[in-house]
Amino acid sequence: MDTLLVFFLSFLSLVHFNVCQQRRPTISYITQPEIVKDIGGDAQMNCSVHYAQEYPVVWMKLDPVDRNNDLTITTSQTMVLNDPRFTIILDKNSSTYTLGINDIQETEAAVYQCQVIISLIDKEVAEVPLIVRRPPIISDNSTRSVVVLAGQKVELRCYASGYPPPTIYWRRQDNAILPTNTSVFKGNILKFEKVKNDHRGTYYCVATNVVGTGARRNIYVEVEFAPEIEIPRQRLGQALQFDAELVCSIDAYPAPAIEWFKNRKKLQNSQHYRISHYPNSDINTLTRLRVITIEKKQYSNYTCRATNTLGDSSGRVELFETVVPICPPACGDYTYSSQGLKINVPRTLFHAVFLALLRYFLQ
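In case it helps, the numbering used here puts the sequence shown at residues 1 to 363.
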């Protein structure tokens, strides 16, 4: 008899256990896969449950950084979040809880979780990612500007957020050639294996996807280099009592200090010399030394020297004597006056005629 009773109680316990197992709430369906929407669009997320009539069904917005900041949106049919863009609808026939979101913004991009709360430590969960298409935004960890010495290696980096993931392109101002020997380069990192002076300038990082018009960042590359001097005319002739102009073209960055010398003696502005500097760009300067009304002792070698923090360079110009004046740079006109008649004659012509007459009378 005792054996029969024990068997009967065991049978009842087993039946009760199976019934309890079958009656555990479950989530039978969740919207899949992820939902992708544009800003301003609408979305619906469905969560169907079984055996959950007596249990709360909760929609949550998960915080990707700190789960303690997860946001409760609904509990069963009750709105918890005070935002009219969110709605909850229960279809009792299918036990489906539909979370609706209207006028979606970037901040709605998150993982949404449907929960059936069984106890404080027990729950059934299923998740729906909501992805919001958004235009590219250049990230703060992208390069802003670079100062580099000529000959060094440097990398320009560009990253962007957005969905779909943006594609990064590089261009240069005026579509100049990139160090890749192309006018356009695709990729996050633009590499300069050996920076040259002509790499200096503005580079454009362009991020594009199917949303909006894209984003652009201007990145300026500043190349520092020691002075480089070019002499347009290394030998310059001019006649006595005429002006001559000696020219040096200087490339350098930072801007150099420029000096002129005659036989190692530094020249200053005076009645015999006038020094002028003409910046053509922030790396190029044209410097001119004007020798005024040349005297015999001024025929010599002249040196222009440029110096900055990275070094110095110099170039030499020889000024030699000619019989006939050379124009330009500085001949001007000669005015002949006689009995109220004035005639402007180019000094080159006047000087040549004068020399011819002088030779005639001296023969």
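Glycine is no exception: its CB is placed at the ideal position from the N, C-alpha and C atoms.
Legend entry - Sequence-distant residues of the same chain with beta carbon closer than 6 Å to Gln-113, five excluded per side: Met-60, Leu-62, Val-125, Glu-127
Inset, instruction - Give the range of the beta strand (DSSP E) segment to which Cys-158 is assigned. - result: Here Cys-158 belongs to no beta strand (DSSP E), and DSSP marks it neither H nor E.
Legend entry - Alpha-carbon to alpha-carbon, Asn-197 and Tyr-66: Looking at the sequence provided, one finds Asp at residue 66 rather than Tyr. Looking at the two C-alpha atoms, the distance is approximately 49 Å.
Legend entry - Rounded C-alpha distance that separates Ile-117 from Thr-98: Thr-98 has its alpha-carbon roughly 17 Å from the corresponding atom of Ile-117.
Legend entry - Tyr-159 beta carbon less than 8 Å from that of Ser-385: Residue 385 lies beyond the residue range present for the chain, which begins at 1 and ends at 363; the question has no answer from this structure.
Inset, instruction - Determine the burial state of His-277: buried for a count of at least 16 other Cβ atoms within 10 Å of its Cβ, exposed for fewer. - result: exposed
Legend entry - Reference Gln-53, options Pro-33, Gln-77, Asn-69, closest by Cα: Checked all of Pro-33, Gln-77, Asn-69; the closest Cα to Gln-53 is Gln-77.
Legend entry - Three-way DSSP call (helix, strand, coil) for Glu-124 in this model: strand
Inset, instruction - Throw me the rounded Cβ distance for the His-136 and Pro-179 pair, which I believe falls under 8 Å. - result: The sequence given here places Pro at residue 136; His does not occur at that position. Between Pro-179 and Pro-136 the Cβ distance is about 24 Å, and since that is not below 8 Å, they are no contact.
Legend entry - Cβ separation of Glu-222 and Val-147, assumed to be a contact under 8 Å, to the nearest whole Å: 4 Å
Legend entry - N-terminal and C-terminal residue of the beta strand (DSSP E) that Lys-191 is part of: Here the beta strand (DSSP E) through Lys-191 covers 189-192.
Inset, instruction - Can you tell me the Cβ-Cβ gap for Ala-239 and Ser-313, rounded? I've got them flagged as a contact below 8 Å. - result: No, Ala-239 and Ser-313 are not in contact; Cβ-Cβ is about 31 Å, not under 8 Å.
Legend entry - Per-residue burial, Phe-320 [other beta carbons within 10 Å of its own, 16 or more giving buried]: exposed
Inset, instruction - Along the beta strand (DSSP E) that carries Gln-113, what are the first and last residues, could you check? - result: 110-117
Inset, instruction - Consult DSSP for Thr-107 and reduce its assignment to one of helix, strand or coil. - result: Assigned with DSSP and collapsed to three states, Thr-107 falls in helix.
Legend entry - Contact set for Val-210: own chain, Cβ-Cβ below 8 Å, skip 5 residues either direction: Arg-133, Pro-164
Legend entry - Counterpart residues of Cys-205 in DSSP-defined beta bridges: Under DSSP, Cys-205 forms a beta bridge with Trp-170, Arg-217.
Inset, instruction - Would you mind working out which of Ile-189, Lys-123, Lys-297, Gly-311 sits nearest Ile-27, comparing C-alpha positions? - result: Lys-123
Inset, instruction - Answer yes or no: do Phe-86 and Ile-101 have a C-beta to C-beta separation smaller than 8 Å? - result: yes
Inset, instruction - May I ask which residues mark the beginning and end of the beta strand (DSSP E) holding Asp-282? - result: Element bounds for Asp-282: n/a, residue is neither H nor E.
Inset, instruction - Using 10 angstroms around the beta-carbon of Thr-309, count the other beta-carbons present and answer buried if the total reaches 16, otherwise exposed. - result: exposed
Legend entry - Whole-angstrom distance between Trp-260 and Glu-230, CA atom to CA atom: 14 Å
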